[in-house]
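Undergrad:
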Amino acid sequence: MPSFIRPWRIPQVSSALLKMGIRGVTVSDVRGFGAQGGSTERQAGSEFCEDNFVAKVKLEIVVSKDQVEAVIEKIIEEARTGEIGDGKIFLVPVSDVIRVRTGERGLKAERMSGGRAEMFPSSASA
(Lines of atoms letter the chains of each structure in order from A and count residues from 1; the text may use other names and numbers.)
(Lines give C-alpha, C1' and ligand atoms only; values in the text may rest on other atoms or scores of the structure.)
Protein backbone atom coordinates (compact mmCIF):
# COMPACT_ATOMS: atom_id res chain seq x y z
CA MET A 1 0.00 0.00 0.00
CA PRO A 2 2.17 2.90 -1.19
CA SER A 3 1.01 6.22 0.26
CA PHE A 4 2.32 9.71 -0.39
CA ILE A 5 1.78 12.25 2.38
CA ARG A 6 3.14 15.54 3.68
CA PRO A 7 6.51 15.07 5.46
CA TRP A 8 5.40 16.84 8.64
CA ARG A 9 2.50 14.38 9.08
CA ILE A 10 4.79 11.33 9.38
CA PRO A 11 5.07 11.39 13.21
CA GLN A 12 1.27 11.33 13.63
CA VAL A 13 0.74 8.64 10.98
CA SER A 14 3.55 6.33 12.12
CA SER A 15 2.55 6.64 15.77
CA ALA A 16 -1.07 5.79 14.93
CA LEU A 17 -0.01 2.78 12.83
CA LEU A 18 2.18 1.47 15.65
CA LYS A 19 -0.73 1.81 18.10
CA MET A 20 -2.82 -0.29 15.67
CA GLY A 21 -0.14 -3.00 15.76
CA ILE A 22 1.10 -2.35 12.22
CA ARG A 23 4.76 -3.26 11.80
CA GLY A 24 6.97 -3.21 8.74
CA VAL A 25 6.56 0.33 7.41
CA THR A 26 9.14 1.72 4.97
CA VAL A 27 9.48 5.50 4.65
CA SER A 28 11.25 7.32 1.80
CA ASP A 29 11.69 11.01 1.06
CA VAL A 30 10.40 11.66 -2.46
CA ARG A 31 9.59 14.61 -4.73
CA GLY A 32 6.94 14.85 -7.38
CA PHE A 33 3.78 16.56 -8.49
CA GLY A 34 0.17 15.66 -9.11
CA ALA A 35 -2.80 17.49 -10.55
CA GLN A 36 -1.68 20.82 -9.08
CA GLY A 37 1.51 20.68 -11.17
CA GLY A 38 3.95 21.32 -8.36
CA SER A 39 4.54 24.20 -6.02
CA THR A 40 4.78 27.85 -6.86
CA GLU A 41 6.96 29.94 -4.58
CA ARG A 42 6.96 33.70 -4.00
CA GLN A 43 10.13 35.71 -3.69
CA ALA A 44 10.32 39.52 -3.72
CA GLY A 45 6.70 39.69 -4.92
CA SER A 46 7.27 37.46 -7.94
CA GLU A 47 6.01 33.91 -8.44
CA PHE A 48 8.41 31.30 -9.71
CA CYS A 49 8.64 27.52 -9.88
CA GLU A 50 11.95 26.09 -8.76
CA ASP A 51 11.51 22.63 -10.28
CA ASN A 52 7.75 21.93 -10.11
CA PHE A 53 8.33 19.13 -7.60
CA VAL A 54 6.78 18.97 -4.14
CA ALA A 55 8.48 17.21 -1.22
CA LYS A 56 6.44 14.24 0.04
CA VAL A 57 7.08 11.12 2.06
CA LYS A 58 6.29 7.73 0.61
CA LEU A 59 5.05 5.11 3.07
CA GLU A 60 5.10 1.51 1.94
CA ILE A 61 3.03 -0.85 4.06
CA VAL A 62 2.04 -4.45 3.40
CA VAL A 63 -0.99 -5.58 5.39
CA SER A 64 -3.41 -8.48 5.30
CA LYS A 65 -6.77 -8.04 3.57
CA ASP A 66 -8.61 -7.72 6.87
CA GLN A 67 -6.39 -4.75 7.87
CA VAL A 68 -6.64 -2.73 4.65
CA GLU A 69 -9.68 -0.56 5.39
CA ALA A 70 -8.62 0.22 8.97
CA VAL A 71 -5.14 1.26 7.80
CA ILE A 72 -6.59 3.45 5.04
CA GLU A 73 -8.93 5.14 7.51
CA LYS A 74 -6.09 5.73 9.98
CA ILE A 75 -3.75 7.23 7.36
CA ILE A 76 -6.51 9.56 6.16
CA GLU A 77 -7.41 10.53 9.72
CA GLU A 78 -3.82 11.39 10.65
CA ALA A 79 -2.55 12.83 7.33
CA ARG A 80 -5.54 14.96 6.26
CA THR A 81 -5.26 18.73 6.53
CA GLY A 82 -8.11 19.48 4.12
CA GLU A 83 -5.79 21.32 1.74
CA ILE A 84 -4.74 20.42 -1.80
CA GLY A 85 -1.65 18.21 -1.65
CA ASP A 86 -2.61 16.04 1.33
CA GLY A 87 -1.50 13.00 -0.67
CA LYS A 88 -2.68 9.74 -2.15
CA ILE A 89 -2.98 6.09 -1.11
CA PHE A 90 -2.60 3.36 -3.73
CA LEU A 91 -3.78 -0.21 -3.18
CA VAL A 92 -1.53 -2.74 -4.85
CA PRO A 93 -2.06 -6.49 -4.51
CA VAL A 94 0.91 -8.50 -3.25
CA SER A 95 1.16 -11.87 -4.96
CA ASP A 96 3.72 -13.41 -2.61
CA VAL A 97 6.16 -12.64 0.21
CA ILE A 98 9.58 -14.24 0.49
CA ARG A 99 11.79 -13.87 3.57
CA VAL A 100 15.32 -13.56 2.20
CA ARG A 101 17.03 -14.95 5.32
CA THR A 102 15.14 -18.27 5.36
CA GLY A 103 13.50 -18.57 1.95
CA GLU A 104 10.09 -18.90 3.64
CA ARG A 105 7.15 -17.89 1.48
CA GLY A 106 3.58 -16.77 2.03
CA LEU A 107 2.14 -16.55 5.53
CA LYS A 108 5.33 -17.83 7.18
CA ALA A 109 7.35 -15.05 5.54
CA GLU A 110 4.65 -12.44 6.14
CA ARG A 111 4.55 -12.70 9.93
CA MET A 112 6.41 -9.91 11.67
CA SER A 113 8.50 -12.08 13.96
CA GLY A 114 11.86 -13.73 13.69
CA GLY A 115 13.77 -10.54 14.42
CA ARG A 116 16.79 -10.01 16.59
CA ALA A 117 14.99 -11.28 19.70
CA GLU A 118 14.60 -14.74 18.13
CA MET A 119 18.09 -14.77 16.63
CA PHE A 120 19.77 -13.85 19.92
CA PRO A 121 17.56 -15.06 22.77
CA SER A 122 18.44 -13.73 26.19
CA SER A 123 20.25 -16.05 28.57
CA ALA A 124 17.34 -15.72 31.03
CA SER A 125 15.08 -17.71 28.72
CA ALA A 126 17.65 -20.48 28.14
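Residue numbers for the sequence shown follow the numbering used here, beginning at 50 and rising by one. Backbone N, C-alpha and C fix where the C-beta goes; we use that ideal spot for every residue, glycine too.
(1) With respect to the beta strand (DSSP E) encompassing Leu108, which residues constitute its N-terminal and C-terminal limits?
(2) Excluding the 5 residues flanking Gly152 on each side, which residues of the same chain have their C-beta closer than 7 angstroms to its C-beta?
(3) Taking all protein chains shown into account, decide if Leu66 is buried (16 or more other Cβ within 10 angstroms of its Cβ) or exposed.
(4) Quick one, which of Ile124, Ser113, Phe82 has its alpha-carbon nearest Lys105's?
(5) Should Ala128 be labelled buried (16 or more other beta-carbon atoms within 10 Å of its own) or exposed?
TA: According to the structure data:
(1) Run containing Leu108: 103-110, per the beta strand (DSSP E) assignment.
(2) So the list is empty, once near-sequence residues are dropped.
(3) That one is buried.
(4) Checking every option, the nearest Cα to that of Lys105 belongs to Phe82.
(5) The residue is buried, with at least 16 neighbouring Cβ atoms inside 10 Å.
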